[in-house]
Amino acid sequence: MRSPAHPAYLTSQEAARLLKVKQQTLYSYVSRGLLQRQQDAASGRSMYERVEVERLAGRRRAAASTAGTMPARGPTSHRLAAGSAVCQLTSAGPRYRGRALATLLEHPGRFENVAEMLWAGLLMDEPVQWPAEPLPAALPACLGALQAQQPHVPVLRMFSLVCIVMGQSARVELRDGTTTRLARRMLMAMACTLGVLGPRQSVLEQAAGEAAIGQVILQALGAELRPQALRLVNALLIACADHGLVASTTAVRIAASAGSGLGACLMAGLSVHAGHRLGGSVDRLEDLLCEGLVPRTSANRLMPAGRGSRLAEDESPYADGDPRARMLIELALQVDERAAVSQLLDRMRLHDVDAVDQPGLELGLLVAARALGLPRRSAGALWVLARCAGWVAHAIEQRLNVVPMPVRQRHRRE
76 MRSPAHPAYL TSQEAARLLK VKQQTLYSYV SRGLLQRQQD AASGRSMYER
126 VEVERLAGRR RAAASTAGTM PARGPTSHRL AAGSAVCQLT SAGPRYRGRA
176 LATLLEHPGR FENVAEMLWA GLLMDEPVQW PAEPLPAALP ACLGALQAQQ
226 PHVPVLRMFS LVCIVMGQSA RVELRDGTTT RLARRMLMAM ACTLGVLGPR
276 QSVLEQAAGE AAIGQVILQA LGAELRPQAL RLVNALLIAC ADHGLVASTT
326 AVRIAASAGS GLGACLMAGL SVHAGHRLGG SVDRLEDLLC EGLVPRTSAN
376 RLMPAGRGSR LAEDESPYAD GDPRARMLIE LALQVDERAA VSQLLDRMRL
426 HDVDAVDQPG LELGLLVAAR ALGLPRRSAG ALWVLARCAG WVAHAIEQRL
476 NVVPMPVRQR HRRE
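Just remember that our numbering sits 75 ahead of the position in the sequence shown, which is counted from 1.
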């Protein structure tokens, strides 16, 4: 590339100053394909094309100028402004039903308890056990048919298959009062399908009785069942359970507002989460680190080009790194017996110091998965499995609303 002194290129500091954002936000723009980062051959510094930065700055100014002038369209605008009681975002991370994430990681520290609290509002002190019911016979058969056509079935496609096979109409759910029971069964089934990623490469068949979902996940993925590992996988699930009205959650609420069943609501969320700039960001960062591209050629490989999404332009609610990632990295270092986490962080620091000092959720997920010794694609899979619990809570809350969910909304970024 041309010399860094050439006005056609900007340093990270200059680009952030022009965009009027912090370094962490600039990194998030790169991770979502809004900016392309290039590396100067002489200095090794990250550089950004001025024209591209100015174009993004213009789009941000245009979005800001219209955000406050959108006319209200009936009573739904007031309802939307009221937000949701499921999750509130603070500088210390999300608060679920008014309870801080850090507190929930300490007690009860169990995903099932937090999921039930999100759904019903009551936090139980004693460990909640979900029944391990037999999987529908059609699920392994349908998944096997997919594997015959495509050996490596995408995780979100597997989870969507669970929704198709096990989903019911909203009328049946409400008549029989089975929404939360169905949610438990579907989440456990999704955990069993993770066996496709593990050494068995097939759905984990559960025995009847009760089982902790953390144990099912570790068993399906072929990981060692240790108390510290269970604590970390529960922490990962709890940290990812909800994050307010992001795009995927809004899709779930729109589906619920239209009278869709729980399976259809979750499929709406899965469809949006599968997008290039949401769930795909974890997989791309994982590929980057696994392919050994740090530090030279990685800059242009971090995120493929693909601009123009207004959704992806919304800024992160955390100015100095995602507190969820910090919590997961701290716990992962305690579990890291093979020093795999330390090596991963060192490699990432060579690529981008800010990415480690101000970590995003993607890095926190990958670090936790590396500490647990999980196979590739596990980090992204656990993220969306956990988020399904939050989507269930939002679907339930939206059904209780007397006003339909408006389609026009400015979404918060993940």
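Just so it is clear, CB atoms sit at the ideal spot from N, CA and C, and this is done for glycine as well.
Original post:
Which one of 293, 183, 254, 87 has the shortest CA to CA distance from residue 341?
Top reply: When each option's Cα is compared against that of residue 341, the closest is 254.
Original post:
Quick one: what's got a C-beta closer than 8 Å to residue 228's C-beta in the same chain, skipping five residues either side?
Top reply: Excluding residues within five positions, the ones whose Cβ falls inside 8 Å are 218, 221, 222, 271.
Original post:
Using DSSP with H/G/I as helix, E/B as strand and the rest coil, what is residue 202?
Top reply: Coil, per DSSP.
**OP:** With DSSP as the reference, label residue 102 as helix, strand or coil.
**Re:** If DSSP states are grouped into helix, strand and coil, residue 102 belongs with the helices.
Subject >> Three-state secondary structure (DSSP) of residue 453 >> reply: In the structure shown, residue 453 adopts helical secondary structure according to DSSP, grouped into three states.
**OP:** Give a yes or no on whether the C-beta atoms belonging to residue 176 and residue 185 are separated by under 8 Å.
**Re:** With contacts defined by Cβ atoms closer than 8 Å, residue 176 and residue 185 do not form a contacting pair.
Original post:
Hey, would you say residue 86 sits closer than 8 Å to residue 122, going by beta carbons?
Top reply: By the CB criterion at 8 Å, residue 86 and residue 122 fall inside the cutoff.
**OP:** Measure from the alpha carbon of residue 448 to the alpha carbon of each residue in 420, 431, 416, 325, then state which is nearest.
**Re:** The shortest C-alpha separation from residue 448 is found at 416.
Subject >> Extent of the continuous alpha helix (DSSP H) to which residue 398 belongs >> reply: Start and end: 398 to 410.
**OP:** Counting only the same chain and skipping the five closest in sequence on each side, list residues whose C-beta sits under 7 Å from that of residue 314.
**Re:** Excluding residues within five positions, the ones whose Cβ falls inside 7 Å are 176, 399, 402, 403.
Subject >> Proximity of residue 257 and residue 276 at Cβ, strictly below 8 Å >> reply: It is not a contact, given that the beta carbons lie outside the stated cut-off.
Original post:
Hey, is the region 263 to 270 in contact with the region 413 to 431, meaning 3+ C-beta pairs nearer than 8 Å?
Top reply: Because the criterion of three Cβ pairs below 8 Å is not met, the region 263 to 270 and the region 413 to 431 do not touch.
**OP:** Give me the Cβ distance between residue 492 and residue 465, rounded to the nearest whole Å; I'm assuming they're in contact under 8 Å.
**Re:** In this structure the chain extends from 76 to 489, so residue 492 is not present and cannot be described.
Subject >> Inter-stretch contact (C-beta, 8 Å, three-pair minimum) for the region 301 to 308 and the region 189 to 205 >> reply: As far as the Cβ criterion goes, the region 301 to 308 does not touch the region 189 to 205, which means the pair count is below three.
Subject >> Neighbourhood of residue 91 by C-beta distance below 6 Å, restricted to the same chain and skipping five residues each side >> reply: Within the same chain, and ignoring the five residues on either side of residue 91 in sequence, the residues whose Cβ sits closer than 6 Å to its Cβ are 98, 101.
Original post:
Once you ignore the five residues that flank residue 174 on each side, which residues in its own chain have a CB closer than 8 Å to its CB?
Top reply: Excluding positions up to five away in sequence, the list reads 192, 198.
**OP:** In angstroms with no decimal places, state the Cα-to-Cα distance between residue 168 and residue 397.
**Re:** Each residue's CA atom was taken as its position, placing residue 168 and residue 397 some 7 Å apart.
Subject >> For residue 302, three-class secondary structure by DSSP >> reply: Taken through DSSP and simplified to helix, strand or coil, residue 302 comes out as helix.
Original post:
Can you name the start and end residues of the beta strand (DSSP E) that residue 113 belongs to?
Top reply: 112 to 114 is the span of the beta strand (DSSP E), which, as asked, contains residue 113.
Subject >> the region 319 to 327 in contact with the region 336 to 352 per 3-pair CB rule at 8 Å >> reply: The count of Cβ pairs closer than 8 Å, one atom from the region 319 to 327 and one from the region 336 to 352, reaches three, so the stretches are in contact.
**OP:** Tell me the start and end of each unbroken beta strand (DSSP E) in the region 242 to 326 that is at least 3 residues and wholly inside, in chain order.
**Re:** You should have 284 to 286.
**OP:** Tell me whether the beta-carbon of residue 453 lies closer than 8 Å to the beta-carbon of residue 461.
**Re:** The answer is no: Cβ separation not under 8 Å.
**OP:** Give the single residue among 423, 408, 302, 331 whose Cα lies nearest to the Cα of residue 361.
**Re:** The shortest C-alpha to C-alpha distance from residue 361 to any of 423, 408, 302, 331 is the one to 423.
Subject >> Limits of the unbroken alpha helix (DSSP H) element including residue 211 >> reply: Counting along the chain, residue 211 falls outside any alpha helix (DSSP H), and DSSP gives it neither H nor E.
Subject >> residue 287 versus residue 300 - alpha carbon distance >> reply: Roughly 12 Å between the two C-alpha positions.
**OP:** Can you give me the start and stop residues for the alpha helix (DSSP H) that residue 417 sits inside?
**Re:** Counting along the chain, the unbroken alpha helix (DSSP H) around residue 417 starts and ends at 415 to 426.
**OP:** My understanding is that residue 110 touches residue 89, with C-beta atoms under 8 Å, so please give their C-beta distance in whole angstroms.
**Re:** Not a contact, Cβ separation roughly 13 Å.
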